[in-house]
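The next block holds one structure in the form of structure tokens; read it before the comments.
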Amino acid sequence: MNQIIELISAELECAFEKAGYEKKLAKVTLSNRPDLCEYQSNGAMAGAKKYKKAPIMIAEDVVNYLEDSTCISEATAVKPGFINLKIDPAFVADYLNKMNEDESLGLSKPENPKTIVVDYGGPNVAKPLHVGHLRSGVIGESVKRICRKAGHRVLGDIHLGDWGYQMGLIITELRKRQPELPYFDDSFDGEYPTEAPFTIGELEEIYPTASAYAKEHDEYREEALHSTYLLQNGHRGYTAVWKHIMNVSVADLKKNYENLNIEFDLWKGESDAQKYIPDMICRLKDEGFAHIDEGALVIDVKEESDTKEIPPCMIQKSDGASLYGTTDLATLVQREEDFDPDKVIYVVDKRQELHFVQVFRAAKKTGIVKENTELKFLGFGTMNGKDGKPFKTREGGVMRLESLISEINDKMFEKITDNRTVEEDEAKETAKKIAIAAIKYGDLSNQAAKDYIFDVDRFTSFEGNTGPYILYTIVRIKSILNKYREAENEMDALKVSEAHSDSEKALMLEVCKYNSVMQTAYEEIAPHKICAYIYDLANAFNHFYHETKILAEEDKDKQKSYIALLTITKKVLESCIDVLGFEAPERM
Ligand code: ARG
């Protein structure tokens, strides 16, 4: 379906042309005087110079040709030359009915769907998930869903950090603690145990212990580095330990992400890229893209237009070891082979921007990806505490994601059970849903690149611009619809008719913006625009609700139209929170 603003623009173009002016002047925007009109065009102002005419004269000419418009009920030329536009109420009602009948609520599908890989999450195996990982998961999940809703073929890849030094550290520490294990016996050639020699709890203790110890003890660090090297070169026993680490850790990660409604299509990691590295390096050398610089193999990526120094992308250290950039390039080789993507979006901490500039340039320059493959870095800012510093526990330690989630869960549980008697089980489920909404909306309502303050009290409030407020609004609509249904009223095929009040018309116009907002959120990779929209929409609904008796309405036709409007409002809100990655409970 065409967006409402496109339909209005088309009528305006027509009017400009008929009045003898260029149609490209006919740009329409949302009105900045909503008290006077809903849309406006400043085209007459823009045309004044070219036509050497007072803008008001142009505006008046154009307005004359809008008299029998189907979508504009009133067009007024106002000084100095604005064109104020009021939308025809019958047209709005008709538009809503069409949206209601369309399973994608009026969102058009692209003619040529793209294949898009979203690289997000990026946790490091065996290291506990901490709040720093929250943003990538939350934003990435939403970006993935936005692209999918826009009709593209989308793959979310977690891109685990599963091949680095942390593995060598764990192996070294494990050998120190349990040297008798067969993994450390080079003469052992039997089957290794299928059961891991540690639990997730132990693993999460082993890593920080080893990491701290290595910082103080050179010999230990050397050993860990060597273990990393041996693992990366196929050591049999270490590979077996690595598999245990992976199994234990991935099971835990799955549980954590599942709790956050975050689901990946691909559980690939840095380790999966390794097999592409040797051939890639060979080719880059042969074709002259890579050269030795101070012992390391590098690809130059600086460009003439650079205003600051962009260092070369390093792909092999002097000792032959590969680096972060090597892995990312090799991962692109793999993605090309497996999926041939049109676009790859990386949702990563913005402090890694330079790394991605280097990788993207190297990938383009060397033909690892095609010229028109879009490589996009969506860098996000830091999640801070109320003191403006990176979010910490009360004791000042790194906050584990699990603890944060359970803290907010408890808070929500208290809130909903405070003054109500809900069954414990239902209350728990509901609290969980609201907690996820609080966390995700709190994050996503900010522009991703900005740092933001994680304010638990504000995020969990049922009032204001919060996730719980949005859910509360949806639940309110559900409750009205349920009551209407219970009174055994027919719900299907109800139609919206012309608005009966200003607040109803305002709500209708908000609902109509759905496809345009989704499209923009996709084009700009901007979940925060969806948050801003549903906040406006929820406000418009609540305003209408407070001014209107719905269930008590005696005029049945009017009531039917209200119910149809509520139905579509609910669908739109639910579709929006779905792409934000959370859902509404039945009651709260
Ligand atoms: N594991 C990395 C980290 O914790 C993030 C990975 C981001 N994705 C990527 N393709 N490099 O910093």
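Here the sequence shown stands for residues 703 to 1290, where the numbers follow the numbering used here. Where is the CB? At the ideal position from N, CA and C, for every residue including glycine.
For this session: Check whether the Cβ of D1030 sits closer than 7 Å to any heavy atom of the ligand ARG, and report yes or no.
Result: Yes, the ligand ARG has a heavy atom inside 7 Å of this Cβ.
Exercise. With burial defined as no fewer than 16 other Cβ atoms inside 10 Å of the residue's Cβ, what is the status of T1084: buried or exposed?
Worked result: T1084 should be labelled buried.
Exercise. Taking the alpha-carbon positions, what's the A1330 to F1082 distance?
Worked result: Only positions 703 to 1290 of the chain appear in this structure, which leaves residue 1330 out of reach.
Exercise. Taking Cβ positions, are R837 and D1145 nearer each other than 8 Å?
Worked result: For the pair R837 and D1145, the CB atoms are nearer than the 8 Å cut-off.
Exercise. From this set, N1148, K829, K956, A926, which residue's C-alpha is nearest Y909's C-alpha?
Worked result: Out of N1148, K829, K956, A926, K829 has the C-alpha closest to the C-alpha of Y909.
Exercise. Hey, is V1035 close to the ligand ARG, as in C-beta under 7 Å from one of its heavy atoms?
Worked result: Relative to the ligand ARG, even the nearest heavy atom lies 7 Å or more away from the CB of V1035.
For this session: Please name the residue, chosen from L1173, V764, Y1171, that lies closest to A750 on a Cα-to-Cα basis.
Result: Among L1173, V764, Y1171, the Cα nearest to that of A750 belongs to V764.
Exercise. Distance, Cα to Cα, Y915 vs Y867?
Worked result: Spanning the two alpha carbons is a distance of roughly 14 Å.
Exercise. Counting along the chain, where does the alpha helix (DSSP H) carrying A1140 start and finish?
Worked result: According to the DSSP assignment, A1140 belongs to the alpha helix (DSSP H) that extends over 1126-1146.
Exercise. Just to confirm, are Q1141 and M1114 a CB contact at a threshold of 8 Å?
Worked result: Going by the sequence as given, residue 1141 is Ile instead of Gln. No, Cβ-Cβ distance for I1141 and M1114 is not below 8 Å.
Exercise. Can you tell me the Cα-Cα spacing of I1070 and V1003, whole angstroms?
Worked result: I1070 and V1003 have their C-alpha atoms roughly 14 Å apart.
Exercise. Between L809 and N744, what straight-line distance do the alpha-carbon atoms span, to the nearest angstrom?
Worked result: Rounded to whole angstroms, L809 and N744 show a C-alpha spacing of 27 Å.
Exercise. Which of helix, strand or coil does DSSP assign to N826?
Worked result: Per DSSP, reduced to three states, the secondary structure at N826 is strand.
Problem set entry | Euclidean distance between Cα positions of K957 and T1119 | In this structure, the alpha-carbon of K957 lies about 26 Å from that of T1119.
Exercise. Exposed or buried, what is Q880 when buried is set at 16 or more other beta-carbons lying within 10 Å of its beta-carbon?
Worked result: Burial call: exposed.
For this session: From the DSSP output, in three-state form, read off V833 for me.
Result: V833: helix per DSSP, three-state reduction.
Problem set entry | CB contact flag (L1173, A1286, <8 Å) | In contact: L1173 and A1286 (Cβ atoms closer than 8 Å).
Exercise. What separation, rounded to the nearest whole angstrom, lies between the Cα atoms of A717 and M703?
Worked result: Rounded to the nearest whole angstrom, the CA to CA distance from A717 to M703 is 22 Å.
Exercise. Across which residues does DSSP place L1209 in a beta bridge pair?
Worked result: DSSP, once it has assigned bridges, lists no residue as partnering L1209.
Exercise. Can you tell me whether E972 is buried or exposed, with buried defined as 16 or more other CB within 10 angstroms of its CB?
Worked result: If you draw a 10 Å sphere on the C-beta of E972, you find 16 or more other C-beta atoms in it, and that means buried.
Exercise. Regarding N958 and the ligand ARG, is the C-beta to nearest heavy atom distance less than 7 Å?
Worked result: The answer is no for N958.
For this session: Assign E1125 to one of two classes, buried (16 or more other C-beta atoms within 10 Å of its C-beta) or exposed (fewer than that).
Result: Classification for E1125: exposed.
Exercise. So, do the segment 1044-1053 and the segment 1088-1098 have three or more beta carbon pairs nearer to each other than 8 Å?
Worked result: Three or more beta-carbon pairs separated by less than 8 Å are not found between the segment 1044-1053 and the segment 1088-1098, which leaves the two stretches without contact.
Exercise. Using the C-alpha atoms, what's the distance from A1195 back to G722?
Worked result: Each residue's Cα considered, the two are about 44 Å apart.
For this session: State buried or exposed for L871, treating a residue as buried only when at least 16 other CB atoms are found within 10 Å of its CB.
Result: It counts as buried.
For this session: Classify P1014 as buried or exposed, calling it buried when 16 or more other Cβ atoms lie within 10 Å of its own Cβ.
Result: By the neighbour-count rule (16 or more Cβ atoms within 10 Å), P1014 is buried.
Exercise. How would you label R1063, buried or exposed, when you count the other beta carbons within 10 angstroms and need 16 or more for buried?
Worked result: R1063 comes out buried.
Exercise. Given a threshold of 16 other Cβ atoms within 10 Å of its Cβ, counted over all protein chains shown, does L732 qualify as buried or as exposed?
Worked result: Here L732 is exposed. Its C-beta has fewer than 16 other C-beta atoms within 10 Å.
Exercise. Is C984 buried or exposed, if buried means 16 or more other CB atoms sit within 10 Å of its CB?
Worked result: Exposed, because fewer than 16 other Cβ atoms sit within 10 Å of the Cβ of C984.
Exercise. DSSP state of C773, grouped into three classes?
Worked result: Three-state DSSP puts C773 in coil, outside helix and strand.
For this session: Give the straight-line distance between the Cα atoms of E1190 and G1166, rounded to the nearest whole angstrom.
Result: Near 35 Å, if we compare the C-alpha coordinates of G1166 and E1190.
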